[in-house]
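Order-wise, the sequence lines are chains B and Z.
Take 1 as the starting number for the first sequence in the numbering used here and just add one per residue.
Take 1 as the starting number for the second sequence in the numbering used here and just add one per residue.
All C-beta atoms in this analysis are idealised placements derived from N, C-alpha and C, irrespective of residue type, glycine included.
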Amino acid sequence: MRINRRIPSRGLTPGMMGMGILVLILFMAEFFFQTWCGVQCIRTGYELTEMETRRRELMAMQKNLKIEWIRLKSPQVLGRIAAEQFGLTIAGPDQIVMVP
Amino acid sequence: MISTANTKRRIMRRNRRILVIGGIFTVLYLIIGVKAFYLQVIQNADLSKRASNEYARNINCTGRRGSIYDVKHRELVLSTDVVSIGAHPAQIPDKDKLSTAIAQNLGISQRLVYQRLSSSRPFVWIDRNVTPAAAESIKSLGYPGLEYIPSYCRVYPNRTLAAQVLGFSGIDGNGLEGVEYYYDDYLRGNPYQWKIIRDALGRIFEQDEALACTQSYEGKNLILTIDSTIQYIAEKALKRVVEENNAKSGIAIVMDPGSAEIRALVNYPAFNPNSFVVYSKEDWRNRAITDPFEPGSTLKVFLAAAALESGKCGPDYVVYCENGQYRIGRNVIHDTHPYGNLTLGEVVKYSSNIGAAKIAEMIGPEALYQTLVNFGFGEKTGIDCPGEASGCLRDWRQWKKIDNATIAFGQGVSVSAIALITAVSAIANDGVLMRPRVVKAITDKNGAVVKSFGPEEVRKAISPETAQNLKQMMQAATEPEGTGSNAVPPGYSVCGKTGTAQKINPDGTYRNCQYNAVFVGFSPADSPKLAVLVVVNEPRKHHYGGVVAAPAFREIILETFNYMGIPPDNNLFREGA
């Protein structure tokens, strides 16, 4: 007599399969998200460095312009321009009229 | 039965295969796990350090040196960003090519660069304090073995203006002269370290946060009492008289007599602190502070103070001036013009040496000495500038009879320019001697005051009554017949005194035809706003203080009062007319 006994399957049930796939998708999504975050972080790092370098360059330029501006408004330069270019002189005391 | 047995064998074979494969994977994972544990836990510190050395680097820097401003907060000195370029010669493959490229970009000798790159030392400087643009041009060439270290360079935008007061700092940012040296501890920035992380291509990926807040390492700022416009006026006037009289050099000081704050301190010739190395050390020195000189007849004012304070004579005390010649022992004292009877006031007004000598004899050396000491002669004023000289005033007990006479007209005693104007300012300040200052306040990077210096009274040199009498005598000296008449600008009253002092040789003898022409005074007479001293060293055209130095005094007072908005007195115009 042939006994047709069914061997109990140890495979995954559809529910477990679905759950496994979902976990796998979540895991992969997290993996890709982390990778994307890492790339963004590196890119932002470069951008920050670039911005910082630019800021330093602009600060240096501002400083140089400030020095030039100080030089241009120094009493020597203004005095020379006033005298040579515009023929200005210091007002004599007799030219000063006091308003009562 | 057979079928069942086969099935069982198949299942067993399958399970064995699974076990073997599982075992292999387990072993492999174990190996990886062990290796990971070894690298991540056991070797962690060492590997992290090795990796960090590959991509991270610490750079040592010093904070920006503080700025220096004038009394109206106009910048006199500031620091700007520069880059110092260094090299590791061992890491440079083609020194010839690199030295040519650097020489072209920096405008320096190719031979010099090559010599530096050929050095056996591990590190050499190629050029210090290069502009960021020039450094960038070399960096873009992409040569290995070069270092670009950010630093700061001192800039003096007004060039020679107040050069000896400001001084300068060296290439490493240390103050070497002037207030740069005196206040170096405050001005100097603090050292800090910042970390940069580079990627495989050498690009900077991340910089330490310290870079963003370098301001916290900056040095303190100085606010001077100097007014750059008055400084310019004084420099212009002094330069003119020195050049007109073919003089060797000159000194001018403008002081607020009430507070003893220095508004201008001029040494001519000046130097440019931006390139101080091309000037001689003589030019760097602030001679108004460091070099004492014989004050000549300007000392007669202090003799008059001593006479009045002694109570032995008043302003109208009459002395016979021997018609121009007066013998003391083996020495004969002369006057420029012969005089008969002169009052004490007229001795000051006409600057009679014989009158001064006789008054000194009358009051005695102790009274004269004590008054000079009260005015600060023979001691340092305590001004906040380096290298101050104290001048020379011997104890009165060491004076011979002739010394008492000569000191009365300013020979045998020496004083620095700053001490002389401080003493004259005390007369303008009703007899109160103040400590002179060039720094008004110290501020932090945000402009908040860290330390301030107000007027500081030293002592009461003379009574207000004596000061008032002296003012009248000094004003008389600038009247049309007085020696200092050239010092008076129209519309203003001036109290002043001229001085013409022969210069001394190192052996103590006097030089023929070499003089210091001096004028010191203050204006307006009734409420002094400014005290001014002008000293012209070795004028060759004329040598009298009233001819050489007084016109510079007049120019300084006139232009400075115009700038300060102090109006002329209309009554003086009417009197003049």
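To the nearest angstrom, how far is it from the Cα of residue i to the Cα of residue j?
i: residue 210 of chain Z; j: residue 54 of chain Z; result: In this prediction, residue 210 of chain Z has a pLDDT of 48, which is less than 50 and means its spatial position is unreliable; what the coordinates show is noted afterwards. C-alpha separation (whole angstroms): 21 Å.
i: residue 57 of chain Z; j: residue 179 of chain Z; result: 36 Å
i: residue 543 of chain Z; j: residue 550 of chain Z; result: 11 Å
i: residue 67 of chain B; j: residue 480 of chain Z; result: 47 Å
i: residue 66 of chain Z; j: residue 51 of chain Z; result: 38 Å
i: residue 350 of chain Z; j: residue 297 of chain Z; result: 10 Å
i: residue 235 of chain Z; j: residue 553 of chain Z; result: 11 Å
i: residue 7 of chain Z; j: residue 20 of chain Z; result: 20 Å
i: residue 444 of chain Z; j: residue 463 of chain Z; result: 41 Å
i: residue 373 of chain Z; j: residue 264 of chain Z; result: 26 Å
i: residue 455 of chain Z; j: residue 251 of chain Z; result: 24 Å
i: residue 142 of chain Z; j: residue 60 of chain Z; result: 23 Å
i: residue 138 of chain Z; j: residue 392 of chain Z; result: 58 Å
i: residue 534 of chain Z; j: residue 117 of chain Z; result: 53 Å
i: residue 165 of chain Z; j: residue 385 of chain Z; result: 8 Å
i: residue 344 of chain Z; j: residue 416 of chain Z; result: 26 Å
i: residue 452 of chain Z; j: residue 442 of chain Z; result: 6 Å
i: residue 577 of chain Z; j: residue 93 of chain B; result: Its pLDDT being 43, under 50, residue 577 of chain Z is placed unreliably in this model, and the value from its coordinates should be taken loosely. Cα to Cα, residue 577 of chain Z sits roughly 14 Å from residue 93 of chain B.
i: residue 569 of chain Z; j: residue 526 of chain Z; result: 11 Å
i: residue 276 of chain Z; j: residue 52 of chain B; result: 34 Å
i: residue 184 of chain Z; j: residue 450 of chain Z; result: 15 Å
i: residue 241 of chain Z; j: residue 88 of chain B; result: 21 Å
i: residue 381 of chain Z; j: residue 418 of chain Z; result: 8 Å
i: residue 540 of chain Z; j: residue 474 of chain Z; result: 27 Å
Assuming residue i contacts residue j (C-beta within less than 8 Å), just tell me the rounded distance between them.
i: residue 567 of chain Z; j: residue 428 of chain Z; result: Not really, about 19 Å apart at Cβ, beyond 8 Å.
i: residue 319 of chain Z; j: residue 359 of chain Z; result: 6 Å
i: residue 501 of chain Z; j: residue 512 of chain Z; result: Their Cβ separation, rounded to whole angstroms, is 14 Å, which puts residue 501 of chain Z and residue 512 of chain Z out of contact at 8 Å.
i: residue 424 of chain Z; j: residue 520 of chain Z; result: 5 Å
i: residue 260 of chain Z; j: residue 437 of chain Z; result: 7 Å
i: residue 155 of chain Z; j: residue 76 of chain Z; result: With 8 Å as the limit, residue 155 of chain Z and residue 76 of chain Z do not qualify as a contact, their Cβ atoms being about 10 Å apart.
What is the residue span of the alpha helix (DSSP H) that residue i lies within?
i: residue 97 of chain Z; result: 95–106
i: residue 41 of chain Z; result: Run containing residue 41 of chain Z: none; DSSP gives neither H nor E here.
i: residue 46 of chain B; result: 14–72
i: residue 310 of chain Z; result: 300–310
i: residue 341 of chain Z; result: First-last for residue 341 of chain Z: 341–343, but that is the beta strand (DSSP E), not the alpha helix (DSSP H).
i: residue 404 of chain Z; result: 401–408
i: residue 355 of chain Z; result: 353–363
i: residue 179 of chain Z; result: 178–182
i: residue 125 of chain Z; result: Residue 125 of chain Z -> not in any alpha helix (DSSP H); beta strand (DSSP E) instead, spanning 124–130.
i: residue 228 of chain Z; result: 228–244
i: residue 283 of chain Z; result: 281–284
i: residue 420 of chain Z; result: 417–428
For the beta strand (DSSP E) containing residue i, list its first residue and its last residue.
i: residue 147 of chain Z; result: 146–155
i: residue 191 of chain Z; result: 191–198
i: residue 477 of chain Z; result: Residue 477 of chain Z -> not in any beta strand (DSSP E); alpha helix (DSSP H) instead, spanning 464–477.
i: residue 434 of chain Z; result: 432–434
i: residue 532 of chain Z; result: 530–537
i: residue 76 of chain B; result: Not the beta strand (DSSP E): residue 76 of chain B falls in the alpha helix (DSSP H), residues 75–80.
i: residue 326 of chain Z; result: 325–328
i: residue 58 of chain Z; result: 56–62
i: residue 261 of chain Z; result: 261–268
i: residue 556 of chain Z; result: Where residue 556 of chain Z is concerned, there is no enclosing beta strand (DSSP E), although the alpha helix (DSSP H) it sits in stretches over 550–564.
i: residue 523 of chain Z; result: 510–523
i: residue 441 of chain Z; result: 439–443
With hydrogens ignored, establish whether the beta-carbon of residue i is closer than 7 Å to any heavy atom of the ligand NAD.
i: residue 39 of chain B; result: Of ligands this structure carries none, so the ligand NAD is not represented either.
Against chain B: residues of the stretch 12–42 of chain Z by CB proximity under 7 Å: none
Cβ pair count under 8 Å reaching 3, the stretch 488–505 of chain Z against the stretch 552–564 of chain Z: yes
Contacting positions in the stretch 385–419 of chain Z - beta carbon closer than 9 Å to chain B: none
Contact set between the stretch 474–499 of chain Z and chain B, restricted to residues whose Cβ is under 9 Å from the partner: 489, 490, 491, 492
Interfacial residues, the stretch 105–133 of chain Z to chain B, with Cβ spacing under 8 Å: 132
Inter-stretch contact at 8 Å, needing at least 3 Cβ pairs: the stretch 143–162 of chain Z / the stretch 87–105 of chain Z: yes
Segment contact flag, the stretch 69–83 of chain B with the stretch 155–175 of chain Z, C-beta cutoff 8 Å, min 3 pairs: yes
Near-chain B residues of the stretch 78–91 of chain Z - C-beta to any C-beta below 8 Å: 78, 80, 81
Cβ contact (3+ pairs, closer than 8 Å) linking the stretch 337–353 of chain Z and the stretch 299–312 of chain Z: yes
At least 3 beta-carbon pairs within less than 8 Å: the stretch 519–533 of chain Z vs the stretch 401–411 of chain Z: no
Contact list for the stretch 57–75 of chain Z against chain B, Cβ threshold 9 Å: 74, 75
The stretch 150–171 of chain Z: positions lying closer than 7 Å to chain B by Cβ: 155, 157, 158, 161
Proximal residues, the stretch 60–89 of chain B versus chain Z, C-beta separation under 7 Å: 60, 63, 64, 67, 70, 71, 74, 75, 76, 79
Residues, ordered as in the chain, of the stretch 42–61 of chain B that lie near chain Z by beta-carbon distance below 8 Å: 42, 45, 46, 48, 49, 52, 53, 56, 57, 59, 60
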